[in-house]
Every structure is written in structure tokens, then in C-alpha cells.
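In what follows, a structure is listed as C-alpha cells, so that the remarks can point back to it.
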Amino acid sequence: MDLSIIIPVYNSDKTISKCIESILEQDLKEKEIILIDDGSMDNSLHILLEYERKYNCVKVIAQDNMGQGVARNNGIKIAAGNYITFVDSDDYISGISSYSKFIDKCYKNDLDLLIFNYMIVQDNVNHDIATFTENVIFSSEEVLSKFLLSNEVEGYSCNKIFQSKLFKEDGIRFIEGKKYEDIPLVVDAIILSNKIEFDNTKTYNYVINNLSTTRNININTLHDEVDSMELIIEKVKKLNSTKMNLNLQTYIKKRIKTYSIYRLKNLLKFKLSFKEFWVINKRYIELLRKVV
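Under the UniProt record's numbering, think of the first position of the sequence shown as 1, with each following residue one higher.
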């Protein structure tokens, strides 16, 4: 089995068929689609079971509502692919040969991690992201620096293909019960990878729903955000690298500046009190003290 595609699903009966169909259309033969229903209260599970009945490559797991991190980790447990990737249930894949092209590149260069480009789809309009440097094998240190110092590498798991040994042998996993669960995992994967490559093919379509993103942000979400930063600090400092510690300072300072301005501008929209806002900002300042 070449590739396991893991998709957590929660109340996605309006979008999941488009997502699954876009993957079934991929010409990669040796693939499996692992669908984890996270206690949906709509028609999602029924749709998933219909796909499982029709296609041998589709596997369905039904679990109580425990969150995306648990769902992805349960998918990892049964994944049989040499490589693993993730898709969110309201997103979709473009180009029928995208995954086969990526897998060929992974095998040819014995990659631990492949990072490919994606599009943000908002109000039915596509927005480009960064342009990558292609056809170069990067080291862990080089890519970690890109993550800490630029927007070229993000803590987003769905535009990446991971060699399965990162999960099966090295034991990396998503944080469970929190938002921003993929950022620390991506940092783990980068640190543990020897060979990393980029591909500019805009395969992944990341669909943003303005209503849902606004409604889902609350004080707990913001604390989860800071928790993920604390984990990143912990992981990078364990490397005992002066260069990486300096890069880490830059990263945390940038996050504090960006998110403080963003949260203040959207204070009323997110229904946060000024007290809650300052509690979060205080936690960011405490993060900075850990890296200077």
C-alpha cells in the first residue's frame, strides 16, 4: 500500500461527498481512504458507510465525539500505507495525478516528508500561498528554520505527506482534546526527518467558511493556541542549538505581535472580554520569557 489518506469527519454531510470523490478520482492505485466519524449528529456516518460498501479502498471508523486529534490518531493506528497524508472533510483535492506524482517523488528520493502547495478557497475565490523551492532535498535543520522564520512552512498537516515510520516507529501523534493539534506534530515530523522536499503543485483546496471559523473561536481555543506554542518551545529547546533558540525567539515574537493585533481587532467578534484578552496576552509574554 503506497498511501493512506486519513479524513476525520464531524457533521460534514454537505461537504464530505465532494471531498471523497476528489480522492477516489486520483489515479494512484495503491491507496486507502480512512474515514473516521467523530460522533456526527447529521447524515455523515450514513454517507461514509455507503462509500465503504461501494469501494474496497474505503475504511470507516465510528467513534464518540472526541475531537479531531483523537480521530486522526485512530486513523493512524490502522493505516497500512508506506506514506500517510491527511484531509479535512470540507476540503478537496485537485488534479487526478497529484498523489501519484507525490508518491513517485517520495519513493525516488526516499523522502521522510513532502510538503506541497495548496490554495485557500474563500467565498468561491482561490487565493495563492507561498512559492516553494523545488527539486532540492532539505535537511531537518533547514526546514525547521523555514518554519520558525518565514511563512513558507506552516504547521498545517494536510499539505504534507509523511513517511509512515514517523508514526509507526518514532511514535509521533496529534495532541488530543485541543485545537491546533497539528502544529506540534508537524514540528516533531520536521525534527525527525532526514530528507524533506517541496512541491509547488497546488493540489489541496483549503475551504474557509467565514461563519464557522468565527463561531468556533473562544477563550478555550485561544488557550489551546498558547499551549501548542509551549510544546513547540519545549521541542526546539531540546535540540540544544543556539541557532534554533535564536530562531525560536524570532518565531515567538512574531506570533505575539501578529496575534495580539489580530485578537484586539476582533475582540467583539470573538465575544472576548478585555480581561480574557489580557490573560491570553500575558501567557504570550510568559512564552517569550522562556526563550530569551
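Glycine included, each C-beta is placed from N, C-alpha and C at the ideal position. Quantities reported herein were computed from a predicted structural model and do not represent experimental measurements.
Say whether the stretch 220-231 touches the stretch 100-117, bearing in mind that this needs 3 or more beta-carbon pairs closer than 8 Å, one atom from each stretch.
-> no
How should residue 81 be labelled, buried or exposed, when 16 other C-beta atoms within 10 angstroms of its C-beta is the threshold for buried?
-> buried
Closest by CA to residue 225, which one among 292, 251 and 179?
-> 179
By how many angstroms is the C-alpha of residue 197 removed from the C-alpha of residue 135?
-> 7 Å
According to DSSP, residues forming a beta bridge with residue 59 = 34
With residue 84 and residue 6 assumed to form a contact (beta carbons below 8 Å), what rounded beta-carbon distance in angstroms separates them?
-> 7 Å
Exposed or buried, which one is residue 203 when buried takes at least 16 other CB atoms within 10 Å?
-> buried
Might you give, ordered along the chain, the residues of its own chain that have their beta carbon closer than 7 Å to the beta carbon of residue 157, omitting 5 neighbours on each side?
-> 86, 182, 185 and 186
Residue 51 versus residue 14 - alpha carbon distance = 15 Å
Taking the runs of the beta strand (DSSP E) that are 3 residues or longer, which of them lie wholly in the UniProt domain "Glycosyltransferase 2-like" (4-138)?
-> 31-38, 58-63, 83-86, 113-122 and 125-127
Just to confirm, are residue 34 and residue 4 a CB contact at a threshold of 8 Å?
-> yes
Near residue 192, what residues of its chain come up, given a Cβ to Cβ distance below 8 Å and the 5 sequence neighbours on each side ignored?
-> 112, 140, 166, 170 and 172
How about residue 9 and residue 37: do their beta carbons lie closer than 8 Å?
-> yes
Quick one, which of 1, 65, 88 and 76 has its alpha-carbon nearest residue 18's?
-> 88
Expressed to the nearest angstrom, what Euclidean distance is found between the alpha-carbon atoms of residue 235 and residue 255?
-> 17 Å
From the DSSP output, in three-state form, read off residue 197 for me.
-> strand
Would you mind giving the Cβ-Cβ distance between residue 102 and residue 199, rounded to the nearest angstrom? I have them listed as a contact below 8 Å.
-> 6 Å
By Cβ distance below 6 Å, which residues in the same chain neighbour residue 289 in space, the five residues on each side in sequence not counted?
-> none
Span of the beta strand (DSSP E) around residue 162 = 160-163
Considering only residues of the same chain and omitting the five flanking positions on each side of residue 207, which have a CB-CB separation below 7 Å?
-> 90, 91 and 121
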